[in-house]
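**Q**
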Amino acid sequence: MLSREKITINGIVQGVGFRPFVYNLARKYALAGYVRNNSAGVLIEIEGLPKSLNQFREGLRRESPPLAQIVSCEVEPLRPKGDRAFAIEASERGDSPVTLISPDICVCPDCLEELFDPTDRRYRYPFINCTNCGPRYTIVRSLPYDRLFTSMAEFDLCATCEQEYRDSGNRRFHAQPNACPDCGPQLSLKDNRGRQIETSDVVQTTVALLQEGEIVAVRGLGGFHLAVNAFDESAVQELRRRKGRRQKPFALMAPDMDTVRKFCRLSEEEQAVLQSPQRPIVILRALSNLKLAPSIAPGTNYLGFMLPYTPLHYVLLRDNFQALVMTSANFAEEPIAIGNDEAEDRLKDVADFFLLHDREILQRCDDSIVSCVGGAPRLFRRSRGYVPQPVFLKKPTEKRILACGAELKNSIALSRGDTVFLSQHIGDLDNPAAFTFYENSINHLQKILEIKPEAIAYDLHPEYLSTKWALEQQEIPKVGVQHHHAHLVSVLAENQVEERAIGIILDGTGYGSDGTIWGGEILIGDTCDFERFAWLSPVALPGGAAAIRAPWRMAVSFLKQAFGEQLHELNIPILKDRPATEVQLIEQIIEKNINSPLTSSCGRLFDAVAAILNIRGEINYEAQAAIELEMCIDVSEKSWYKDAVSQSEPGEALGLAPLIRAVVRDYEHGISPDKIAARFHRSLAELFLRSAVYARSKNQIELVALSGGVFQNKYFFNYLVRRLEEEKFRVVTHKLVPTNDGGIALGQIVIADQKLRKLKL
Ligand code: ZN
Ligand code: ZN
Ligand code: FE
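Residue 13 is where the sequence shown starts when you use the numbering used here, and the numbers rise one by one after that.
#1: Check whether the segment 630-647 and the segment 248-262 are in contact - that is, three or more C-beta pairs closer than 8 Å.
#2: What do you reckon, is the C-beta of histidine 497 under 7 Å from a heavy atom of ligand 3?
#3: Where do the ends of the alpha helix (DSSP H) carrying cysteine 120 lie?
#4: DSSP three-state call for phenylalanine 449: helix, strand or coil?
#5: Looking at asparagine 752 and ligand 1, is the gap between the Cβ and the nearest heavy atom below 7 Å?
#6: Between which two residues does the beta strand (DSSP E) containing isoleucine 24 stretch?
#7: What residues does ligand 1 have around it, judged by CB closer than 5 Å to any heavy atom, in chain order?
#8: What does DSSP give as the partner residues of methionine 265 in its beta bridges?
#9: Nearest CA to the CA of glycine 397: which residue from Tyr321, Gln223, Trp564 and Leu641?
#10: For glutamate 345, I'd like the list of residues in its chain whose CB is within less than 8 Å of its CB, leaving aside the five on either flank, ordered along the chain.
#11: Specify, as a first and last residue, the run of the beta strand (DSSP E) that proline 389 falls within.
#12: Would you report the Cα separation of alanine 355 and alanine 349, rounded to the nearest angstrom?
#13: For glycine 754, I'd like the list of residues in its chain whose CB is within less than 7 Å of its CB, leaving aside the five on either flank, ordered along the chain.
#14: With distance defined between alpha-carbon atoms, name the residue in Pro121, Met13, Ala764 and Leu90 nearest to alanine 469.
#15: Flag this pair as touching only if the segment 356-369 and the segment 149-163 have three or more C-beta atom pairs under 8 Å; answer yes or no.
#16: Using 8 Å as the threshold, is the C-beta distance between valine 657 and glutamate 698 below it?
#17: Three-state secondary structure (DSSP) at valine 382?
#18: Pull the bridge partners of asparagine 422 from the DSSP assignment, please.
#19: Can you tell me whether tyrosine 470 is helix, strand or coil according to DSSP?
#20: Which residue from Met265, Val362, Ala557 and Ser695 puts its Cα closest to that of aspartate 203?
#21: Answer with buried or exposed for aspartate 519, where buried requires no fewer than 16 other C-beta atoms within 10 angstroms of its C-beta.
#22: Using 8 Å as the threshold, is the C-beta distance between glycine 316 and glutamate 640 below it?
#23: How far does the beta strand (DSSP E) with proline 89 in it reach, from first residue to last?
#24: Tell me which same chain residues have a C-beta within less than 7 Å of the C-beta of histidine 496, skipping the five on either side of it?
#25: Is the beta carbon of alanine 717 within less than 7 Å of some heavy atom of ligand 3?
#26: Give me every residue whose Cβ sits closer than 7 Å to any heavy atom of ligand 2, in chain order.
#27: Let me check understanding here. Comparing Cα to Cα, which of Lys303, Ala513 and Leu37 lies closest to glutamine 67?
#28: Under 6 Å Cβ to Cβ from alanine 309, same chain only, skipping five residues before and after it: list those, please.
#29: Quick check on DSSP: helix, strand or coil for serine 572?
#30: Just tell me which of Glu174, Ile151, Leu434 and Cys170 has its CA closest to the CA of isoleucine 373.
#31: Please classify histidine 186: does DSSP put it in a helix, a strand, or coil?
#32: I'd like the ranges of any beta strand (DSSP E) spanning at least 3 consecutive residues and lying wholly in the segment 661-726.
#33: So serine 719 and glycine 387 are in contact, right, with Cβ under 8 Å, and what is the actual spacing, rounded?
#34: Rounded to whole angstroms, what is the Cα-Cα separation between cysteine 85 and phenylalanine 128?
#35: Per DSSP, which one or two residues make a beta bridge with tryptophan 547?
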């Protein structure tokens with residue numbers, strides 16, 4: 013007896029080799045019928061023995077191509093037609109495509125083998141790709157995902173490539189970016205005065221330049237990198253000087269896994285993420301006594317490594333370098349350069365040479381950054397390789413919503429039903445170039461996802477450019493969302509949790525419902541609303557933003573609160589080594605309340621302790637003081653300030669003066685800063701734990717949700733999670749979106765949806 017079924021598959025199933033896969037699977041089980049793309053995804057009609065049909069469906073789920081992501085799969089029985097063969101049919105053209113574009117994916121093993129096979133026609137061709145790999149999101153101009161609507165449109169396929177493209181048995185069947193040395197993109201090399209470098213082998217010449225210590229801007233997949241030899245200290249220093257980046261660590265690229273092992277200690281999860289098709293930068297524990305240039309990552313024990321992801325990276329690195337510095341080609345927080353002319357213009361004083369190619373980058377996409385914390389990979393920056401893969405909600409949003417994100421590490425989001433698309437990392441919106449990128453991203457994402465938003469969600473901070481942008485939009489409902497509530501709901505949403513939770517939300521800055529600056533919050537809430545259960549007792553932020561750049565000012569603020577006038581008698585270098593007038597000035601602006609708003613920020617508390625321990629008084633990049641405080645922890649230290657923690661109230665304002673006094677007492681008694689750092693981290697976690705226990709006793713809630721940039725701190729995260737679990741809490745954390753402000757837009761969408769439902773807008 014034969015059966016026939018209609019199978020409709022939705023998700024990332026176009027442009028990822030799905031139809032050839034279905035074709036081969038059908039042949040394997042001797043089934044007849046057809047497969048074709050339609051506006052919803054892929055449609056299959058399949059006929060054969062019931063047992064074979066089961067195996068076929070099982071295979072669809074289990075063996076689907078690496079880039080495919082099946083979101084839904086509906087099966088409908090049909091009457092058998094007596095088909096004899098299985099065929100790939102031409103696509104239907106629907107009018108509302110909901111099919112998903114794949115993220116950009118690193119070169120696959122098959123292409124890699126061809127790349128280094130001297131007999132292959134694509135030997136060392138730096139733009140080799142197939143249906144299983146290559147550029148996607150960054151080359152898309154509009155839908156449908158078809159060569160004509162990508163930046164490959166201007167390259168006509170040669171006869172051989174065309175044949176591959178049309179052959180359903182070929183690995184390059186319908187590979188839209190298919191190319192070869194005869195018909196595809198080409199490299200070129202220029203100096204920083206725009207002169208073409210004449211050479212028969214651009215790659216080898218570039219390698220030689222890098223080996224001589226030159227700085228080369230390399231056009232990549234989602235933007236330009238600035239590359240230098242990672243063993244050349246003077247070249248790395250020169251890059252820092254020219255880029256105006258004093259201490260923030262540079263990312264590195266090594267040719268393969270074995271080489272990374274020479275530099276870093278790797279867990280199994282870290283190896284898996286490094287080698288994953290997304291190829292993010294992975295933050296790894298560095299081994300000691302490395303020969304790498306010291307100024308790559310001063311002040312930290314970690315190195316950010318990635319493996320090559322484009323064929324160009326492979327031909328540059330393999331057999332040539334153990335490691336290259338590969339840092340985004342930009343100044344400070346400006347967006348990364350993507351166009352040839354743009355890069356040559358903006359970077360002429362930074363790069364000595366430009367390794368260019370002629371395949372346009374249509375979507376800027378930085379490297380993603382992952383850190384394995386608590387045994388799982390966590391995204392610190394969600395960008396290339398992950399975007400535009402959606403996050404799925406438990407309950408669909410009623411309206412299509414645009415979420416504007418926050419100010420720093422901005423990322424926006426768009427929803428359609430149960431699907432939320434987060435944009436790539438857009439960055440800090442405090443410069444005009446970034447703001448243009450922000451507006452362009454909103455427009456482009458709407459276009460390629462074909463989502464026209466029916467409502468807008470934004471942060472309550474009146475000074476955020478994203479908020480100002482939102483409020484300027486006409487004739488569309490707008491919903492303001494409190495920053496830390498968005499953090500809380502973001503972590504709930506990605507874990508598909510709807511119940512009320514105790515949210516421990518710790519970050520640097522967020523606009524509170526009462527108009528003060530929040531950042532050390534215990535909220536009790538869900539997707540609808542929240543209550544502020546407890547918070548770090550507020551201190552002055554002397555000089556506003558200036559205090560963020562100068563942790564020593566925060567130290568003065570906390571010490572003043574803890575010691576009052578006696579602050580001048582303390583034996584603390586950060587105060588003693590500074591002219592007394594400077595310290596007095598800070599005290600005065602606090603007393604007179606001159607530009608010194610109150611804050612419950614947890615990030616600022618870490619800053620203050622780093623300054624008190626004389627680890628860092630001023631910072632060169634965001635969170636530097638907190639990072640260096642974490643770096644110096646003595647992990648063998650097991651004690652903490654029990655008395656200080658028990659002196660604090662468990663609800664409402666959590667007093668920090670006893671904790672600060674304990675830190676200072678230890679320091680004055682000559683206890684080493686690495687021990688104090690450990691005690692401080694543990695005590696602070698215990699303080700929040702105590703408050704969570706109290707919150708549970710009052711509200712009968714067992715679920716704790718952790719969010720906010722502070723949770724990028726591995727030691728603090730691990731300690732708090734372990735203690736919460738020991739106290740029998742259920743804990744949810746971020747894995748799909750960043751715990752920092754890069755993940756806020758997800759929470760904004762879900763909260764806005766709830767509010768709109770209530771208001772019946
Ligand atoms: Zn491939
Ligand atoms: Zn060709
Ligand atoms: Fe935040």
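Beta carbons are placed, not taken as given, at the ideal position from N, Cα and C, and that holds for glycine.
**A** The structure says:
#1: Yes, they touch.
#2: no
#3: No alpha helix (DSSP H) holds cysteine 120; DSSP gives it neither H nor E.
#4: helix
#5: no
#6: For isoleucine 24, the enclosing beta strand (DSSP E) begins and ends at 15-24.
#7: Cys120, Cys123, Cys142, Asn144 and Cys145
#8: Met318 and Leu336
#9: Tyr321
#10: For glutamate 345, where only same-chain residues beyond five positions count, the Cβ hits under 8 Å are Gly439, Asp440, Asp442, Asn443 and Ala446.
#11: 388-393
#12: 5 Å
#13: Arg393, Arg394, Lys421, Ser423 and His437
#14: Minimum Cα distance to alanine 469 is reached at Ala764.
#15: At 8 Å Cβ cutoff, the stretches do not touch.
#16: yes
#17: strand
#18: Here asparagine 422 is bridged, per DSSP, to Gly439.
#19: strand
#20: Val362
#21: buried
#22: Annotated as distal: glycine 316 and glutamate 640, with beta-carbon spacing of 8 Å or more.
#23: 81-90
#24: Ile517, Gly522, Trp530, Glu533 and Leu535
#25: no
#26: Leu169, Cys170, Thr172, Cys173, Ala191, Cys192, Asp194, Cys195 and Gly196
#27: Leu37
#28: Pro261 and Leu315
#29: Residue identity check: residue 572 is lysine in the sequence provided, not serine. It is helical.
#30: Ile151
#31: coil
#32: 664-666 and 715-719
#33: Not really, about 18 Å apart at Cβ, beyond 8 Å.
#34: 39 Å
#35: Glu533 and Ala665
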